[in-house]
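In our numbering, the protein residues as written are 45 to 490.
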């Protein structure tokens with residue numbers, strides 16, 4: 045169907061619809077992935093390809109219903125795939141391929157767009173960064189939302205540091221399985237054991253100090269949802285809010301995600317053998333908090349860090365590390381402009397990932413194509429429709445004019461978002477701390 049015949053058929057359809065006339069197109073790719081596309085009758089010529097996050101492997105074409113409705117009303121066509129539904133929920137082995145195949149399938153039906161933009165959220169933000177790296181001639185620009193852009197191995201490594209700290213310091217002498225899960229049930233058991241240990245430890249000053257140490261390794265923000273931000277030197281208040289993240293079930297999500305990553309890459313891709321935990325803490329923005337809580341609890345921080353270092357014997361499967369580097373990494377360069385947006389207090393994908401990613405992109409010589417912006421809010425992917433649409437428009441400005449200008453600055457994004465009338469906006473000037481991960485090179489193999 046050509047664009048003109050598609051639009052003609054839409055305009056002749058009954059008008060008893062709450063939203064502008066939209067054609068829903070669907071299809072199935074060779075690997076079993078499904079795709080969907082929504083094309084408004086007054087298509088403006090821009091196709092937006094959406095990469096969804098970790099979880100259900102169902103085709104999605106927008107980060108929220110509010111964003112979907114606004115973009116369709118403005119004339120954008122929207123598309124997205126499920127990724128291959130036959131494997132792991134960490135679908136990085138197929139996601140980039142399936143998204144490019146979806147572009148081919150959709151454009152075969154509606155014609156070539158004037159511009160193709162990609163949007164990706166959470167795990168889909170990593171997919172989106174890969175599309176921006178590899179999409180020369182196929183896409184024109186990319187928008188990442190709360191993207192897991194440090195990649196799968198960095199993710200599993202800093203999470204391992206936190207899990208290992210909880211197990212060794214809160215459950216001394218107990219054997220807690222931290223890697224190499226054989227089933228989702230095993231991962232859930234580990235999450236339960238560690239969460240119960242955190243809950244018990246919160247009752248004592250010594251336990252709270254050790255929770256703060258694990259939180260530092262997890263890059264866990266000290267500002268939790270529905271709470272006022274604690275003062276910069278309110279060490280106890282910061283730990284209380286980090287505990288709130290743990291109590292909300294963050295470890296269940298982490299362990300379930302680890303099982304899915306290991307399924308996808310064929311083994312354990314994380315390690316702590318050779319990690320110096322004193323040096324690791326020194327790199328953390330939360331180090332002053334940890335030191336203060338240890339002092340007030342009468343604990344020897346140096347002894348705990350030495351015990352962690354001495355007991356660090358977990359090794360990775362080298363083949364799994366190589367697979368993760370091939371399928372689940374980004375930052376090796378950019379072929380098109382990329383704007384990444386992140387909330388400043390994200391417990392699932394810490395904002396520090398943006399610092400790690402930006403350093404890699406600049407080292408690859410592609411820094412001029414990258415812009416990063418920040419929304420002052422707690423939670424993972426808790427953007428308003430106004431913030432998302434304003435970011436997409438800033439990306440469009442870069443695509444159509446060939447330069448960023450001031451469009452992606454916090455002030456410009458805030459003005460643009462506020463003017464939309466689609467909800468509040470909280471763009472701020474912000475620079476993330478370095479990611480506390482402590483592994484600059486791949487390693488840890490048997």
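Note that beta-carbon positions come from the ideal geometry of N, C-alpha and C, so glycine has one too.
Which same chain residues end up closer than 8 Å to residue i when comparing Cβ atoms and leaving out the 5 residues on each side of it in sequence?
i: residue 179; result: 144, 162, 186, 379 and 380
i: residue 198; result: 397, 400, 479, 481 and 483
i: residue 44; result: Residue 44 lies beyond the residue range present for the chain, which begins at 45 and ends at 490; the question has no answer from this structure.
i: residue 225; result: 231, 234, 299, 302, 303 and 306
i: residue 436; result: 92, 115, 161, 163 and 187
i: residue 466; result: 110, 114, 428, 429, 430 and 433
Only counting the same chain, and skipping five residues up and downstream in sequence, which positions put a Cβ closer than 6 Å to that of residue i?
i: residue 84; result: 64, 66, 116 and 119
i: residue 288; result: 268
i: residue 298; result: 203
i: residue 473; result: 454
i: residue 121; result: 83, 87 and 91
i: residue 404; result: 375
i: residue 80; result: 70, 103 and 105
i: residue 385; result: 189, 417 and 435
Rounded to the nearest angstrom, how far is the Cβ of residue i from that of residue j, given a contact under 8 Å?
i: residue 558; j: residue 337; result: Residue 558 lies beyond the residue range present for the chain, which begins at 45 and ends at 490; the question has no answer from this structure.
i: residue 93; j: residue 160; result: 7 Å
i: residue 253; j: residue 343; result: 5 Å
i: residue 196; j: residue 363; result: Wrong, their Cβ atoms sit about 14 Å apart, outside the cutoff.
i: residue 114; j: residue 429; result: 6 Å
i: residue 153; j: residue 101; result: With a Cβ gap of about 23 Å, residue 153 and residue 101 do not count as contacting.
Going by beta carbon distance, what residues of the same chain come within less than 7 Å of residue i, once the five residues before and after it are set aside?
i: residue 241; result: 210, 214 and 215
i: residue 478; result: 327, 396 and 399
i: residue 432; result: 107, 111 and 189
Can you grab the Cα-Cα spacing for the pair residue i / residue j, in whole Å?
i: residue 273; j: residue 76; result: 46 Å
i: residue 135; j: residue 451; result: 33 Å
i: residue 231; j: residue 394; result: 21 Å
i: residue 410; j: residue 447; result: 14 Å
i: residue 129; j: residue 307; result: 13 Å
i: residue 461; j: residue 402; result: 24 Å
i: residue 471; j: residue 218; result: 45 Å
i: residue 434; j: residue 457; result: 6 Å
i: residue 359; j: residue 312; result: 8 Å
i: residue 475; j: residue 421; result: 14 Å
i: residue 227; j: residue 171; result: 25 Å
i: residue 177; j: residue 413; result: 11 Å
i: residue 317; j: residue 279; result: 30 Å
i: residue 147; j: residue 257; result: 45 Å
i: residue 464; j: residue 243; result: 43 Å
i: residue 377; j: residue 191; result: 16 Å
i: residue 354; j: residue 443; result: 52 Å
i: residue 415; j: residue 285; result: 30 Å
Just checking: is the beta-carbon of residue i within a distance shorter than 7 Å of some beta-carbon in chain D?
i: residue 180; result: Judged by its chain identifiers, the structure shown contains no chain D, having just a single protein chain.
Original post:
Can you list the alpha helix (DSSP H) stretches of 4 or more residues lying completely in the stretch 69-156, in chain order?
Top reply: 109-117 and 139-154
Check your understanding: Which parts of the stretch 413-458 are runs of the alpha helix (DSSP H), unbroken and 4 residues or longer, counting only runs that do not cross its ends?
Key -> 429-445
**OP:** With a floor of 4 residues, list each alpha helix (DSSP H) that falls wholly inside the stretch 319-378, ordered by position along the chain.
**Re:** 321-326, 331-341, 345-354 and 362-371
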